[in-house]
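Residue numbers (mature numbering (1 follows the signal peptide of the UniProt record, and there is no 0)): -20 to -1, 1 to 134. Backbone N, C-alpha and C define an ideal beta-carbon position, used for all residues, glycine too.
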Amino acid sequence: MKKPKVLAAFLLLSLTFFLAACGASGTVEPDMGNGSSDGIVEDEVTALLEQMDSNLYRYTVNNQTDETMTYEFTSGQRYDYTISNQDGDELYRLSAVSTYMQALGEETIEPGEKLEYEFEVPSNDLEPGTYQLNAWLTPQEGPKFEAETELTVE
C-alpha cells in the first residue's frame, strides 16, 4: 500500500513544480538589447516608469553594471505599484487586489540588459486630477528600485 501513496505524492509534487514554473513566467519580458538608453547612468542599476498609452505604463529595471544581478522572490509577484493623491494618501495598491502563486523564483539581469513590466492603471475609479504613480521590484531581499511618475486623469 505504500507504493501508491508515494507515487501519488510524487505526481502531486511534480504537478506543483510544473504549475509554478508556468505561472511565474507570464509577466517578465527581458530585453536582450544593448542596454543603451537615454537617462541611464553607467555602473548603476536604475529604474524607469514611463507612460506608453493612455492607461498603459512600463516599469523598467536596467542593469548598467559589469555584474549579473539576481533577485529572489517568494511568489509569482515581481513588482508592485501604488497610486497616491497630491496629499500622499495611497488610493490603490496592485498587491492589495491581486493574488500571486506562492512559489519561489528568481530573475536575473545580465550586464547591459533590463527587465520590463507593462501594466494598465485602473484610472476609471479615480476622479479627474493629478496623481503619483510609484512602481518597484518585490524581491525577498535587496534594493527595490523604485520609480515614479505623474498620472493625470481627465
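In terms of Cβ geometry, Gln57 and Thr129 do not form a close pair [threshold 8 angstroms]. In this structure Tyr59 touches Leu117 by the C-beta definition: roughly 6 angstroms separates them, less than 8 angstroms. Leaving aside the five residues that flank Tyr111 on each side, the residues in its chain whose CB is nearer than 8 angstroms to its CB run, in chain order, Ile63, Ser64, Asn65, Gln66, Leu71, Glu130, Leu131, Thr132 and Val133. Pro91 sits close to Glu47, with the two beta carbons spaced by under 8 angstroms.
Contact between the stretch 69 to 85 and the stretch 31 to 43 is not established, with fewer than three Cβ pairs separated by less than 8 angstroms.
Taking all protein chains in view, the Cβ of Leu84 is surrounded by fewer than 16 other Cβ atoms within 10 Å, so the residue is classified as exposed. Here Glu86 is exposed. Its C-beta has fewer than 16 other C-beta atoms within 10 Å.
For Ala115, the closest alpha carbon among the candidates Thr88, Asp33 and Tyr97 is that of Tyr97. Straight across, the Cα-Cα distance linking Gln82 with Tyr61 is about 19 angstroms. According to DSSP, Val41 shares a beta bridge with Ala27 and Leu95. The secondary-structure analysis by DSSP pairs Asn114 across a beta bridge with Thr62 and Glu128.
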